[in-house]
Each structure stands twice: as structure tokens, then as C-alpha cells.
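If you read the sequences in order, they're chains A and B.
Per the numbering used here, the very first residue in the first sequence carries number 60; after that it's consecutive.
Per the numbering used here, the very first residue in the second sequence carries number 2; after that it's consecutive.
Below is one structure; the comments refer to it alone.
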Amino acid sequence: MIEQNSDVQLIHRMQLDDSRALAELYSRYKRSVYEYCFRLLQDRQNAEDATQNTFIKVQQSIRELRNPESFKAWMFTIARNEVYAHVRRSRSNGLEGHEDVWEVESLHEAFVHQEQAELVQKLLAQLKPEYREVLLLVEYEQLSYADIASITGSTLSSVESRIFKARKALAKKLKPYL
Amino acid sequence: MSCEEYQQQVSKLLDNALEKSKAPEVFGHLGGCERCRDFFESTMHIRLAMRSAGSLPMSTAMDAKVLQFAVAQSGGADDRGPVQRLGQHRSLRSRISTLALLIMVTLFIGLLFSVNIDKPSQAEPVPQELVQPR
């Protein structure tokens, strides 16, 4: 049975300019990174660009990674930076959150006949980015609060609070459909 | 503790972020509070819905760009792909290994011969008819 290389082994090989190691890491994580970027940007082309740039920057900066065990969190930090760089380029609004969690207020008409999973995805897409991103990282990537805080440049309590508020807001919207 | 605070604990509990010592109190509260139980169940529904969503469609166009960049960065100026270059390295490595093995075998044989030459000769005595009379 062929043993799969661990992330740490691949990172060491990448640091020695082994292009096959990047190919393997890319294959392992491209879907996670792409889906994270897409769910934040809600645009396929922009998500692909952000994903490409993420892995290019991973390759360029791999020697700066001192702790290979934290590769996943480091990679998602780069991905997040790519996403927000795009958002800054294309939007004039800042990303600072207000107390309100929703970007779009009125959703009811669009969701009457949706399946629950699709409904949740639609609602998720309507959350403000700072609430959506933490929920994506905890639910899809099962990252710890500490890792999420590191990726988003936030405090632990801020991450806890945003995840909780996002869940409360979604639960409230979903209540008529559950 | 208020229901709001208990619900915050529930949120952390679901993410394995709550101190283990606090879990029994949270479960105890859930047993007696319908509002907090609703929040717990809604959060589980949300989790299941998110995690059961199918994979998003993804094009393969970005694969070529990333892998080309990887090859260029690793100094691969030729047109061969990463797998071909790896094959070339493996072939060279096996040739070097074979050569090293040959050298070692040659040295070993040489050593054996030199040991035999140093031993005193124990050749059979020459037959009398071949020995010249003095």
C-alpha cells in the first residue's frame, strides 16, 4: 500500500524546489480553497483567480513558513487575503461590520420553495463577509477558533462572537422552514 | 446565566471549543429550556445542510496555470512536465547506484585476489621427471 505523503513532508519537498510536491498539495487542497473563495466572492471566475493566486503565493512564500504543522491555517490566510484584495478592488464599501449581520434585507420571496440545503446556501451567501467567512472555516474546514482567529486577524472572542451571531441569524431566518 | 449565554456555550460546544467541565451544565440547561433546545437543533440543521451540500463545479483551467508556475519556479526550463523530470532524476539515480555497486564489487574482488597472492604458495611438488638433474 502506497503511503500518502503528509503535508509536512510535501512542504519540506517544496522548500527544496520539488514541483511535484506543489502539484500534490494543490491537488489535495484546491477544492477546499476554491469553495472557500467562491462562497465569499459568489463569482466563479474571481474565485478561480483567487485560488490560482493563493497557490502561486504559497509556492513563492513556502520558505517563510516556519511551522509546517500550521500549513492549512497559513494557506487559508493567503486565500483570505486574495479574496479581500479582490473585494477592495471591486467594491467601494469597506468591510467593517455593523451590528447587523445581513447584507441583503429581504429574502423571503426567493426562498419559498427551496430545499433546505439550498436555502441554507442562499442565506449563507447573504451574510456579511466577516460573518460568512468564519462560519465557512468552522463548518467546512473544521478549523479551531484559534486558527480562524489567526487567519482572519481577529481575537478569539471576536471569532466566537461572529460564529454565534451568524448561527443565531441563520436560525432565525430558517425557523419558518424547519 | 441567561439563555443567550447558554446558547453561546452551545455554539462553542458544537465546535469542540467549550471547556469539558462546562459541558454538563450546558446539557443540563438544554434539558429544561425549549428555547435553547430550538437553537441547538437549528444549528445542527444548519450544519447538516452546509456539510451535505454537493461540491461546487470547478474548471480545470486553473490547474495548468498553477502547475506551469510550479515547474518554472523549480528551475525547469524545459518543456517536460513535473512527472517526466522526476522520471529523469530517478533514472540518473539508479544509474549512479548501479555504478557504485559495480565499483564496490570490483574492489571486493580485487581485495580477494590480493589476499590470495600474499598467502604462501602451497603448489603441488613438481614431478621428478620434470626437474632438471643437477
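Built from N, CA and C at the ideal position, the CB exists for glycine as well.
The structure presented is a predicted model; accordingly, all values stated were derived computationally and were not measured.
Under the criterion of beta carbons closer than 8 Å, residue 160/A and residue 193/A do not qualify as touching, at roughly 12 Å. Interface residue (Cβ-Cβ distance to chain A less than 9 Å): residue 71/B is classified as such.
About 6 Å separates the beta carbons of residue 224/A and residue 190/A, which is inside the 8 Å limit, making them a contact pair. Around the beta carbon of residue 187/A, 16 or more other beta carbons sit within 10 angstroms, so the residue counts as buried. With a 10 Å radius around the Cβ and a threshold of 16 neighbouring Cβ atoms, residue 4/B comes out exposed. Scanning its chain for C-beta atoms nearer than 6 Å, with the 5 sequence neighbours on each side dropped, one finds no residue around residue 146/A. By the neighbour-count criterion, in which a residue is buried when 16 or more other Cβ atoms sit within 10 angstroms of its Cβ, residue 141/A is buried. With respect to chain B, the C-beta atom of residue 68/A has no partner C-beta closer than 9 Å. Straight through space, the alpha carbons of residue 42/B and residue 48/B are spaced by roughly 10 Å.
For residue 24/B, no CB of chain A lies under 9 Å from its own CB, so it is not counted at the interface with that chain. In this structure, the alpha-carbon of residue 33/B lies about 53 Å from that of residue 80/A. Rounded to the nearest angstrom, the gap between the Cα atoms of residue 115/B and residue 103/B is 18 Å.
Less than 9 Å divides the Cβ of residue 56/B from the Cβ of residue 90/A.
For residue 29/B, the uninterrupted alpha helix (DSSP H) run begins and ends at 24–33, by DSSP. In this structure, residue 199/A keeps its C-beta atom at 9 Å or more from the C-beta atom of residue 13/B. For residue 215/A, the CB contacts under 6 Å within the same chain, skipping 5 residues up- and downstream, are 204, 208 in chain order. Contact annotation: the stretch 110–127 of chain A touches the stretch 63–73 of chain A, with at least three C-beta pairs closer than 8 Å. Residue environment analysis places residue 92/A among the buried positions, since at least 16 neighbouring C-beta atoms fall within 10 angstroms of its C-beta.
Taking a beta-carbon distance threshold of 9 Å, residue 74/A does not count as an interface residue toward chain B.
According to the DSSP secondary-structure assignment, residue 133/A is paired through a beta bridge with no residue. Pairing residue 74/A with residue 134/A, the inter-Cα distance amounts to about 15 Å.
Taking the CA atoms as reference points, residue 226/A sits about 27 Å from residue 105/A.
At least one C-beta of chain A is nearer than 9 Å to the C-beta of residue 68/B. Within chain B, no residue has its beta carbon less than 9 Å from that of residue 228/A; the closest one is some 10 Å off. The same chain holds no residue with a CB closer than 7 Å to that of residue 82/A once the five nearest residues on each side in sequence are set aside.
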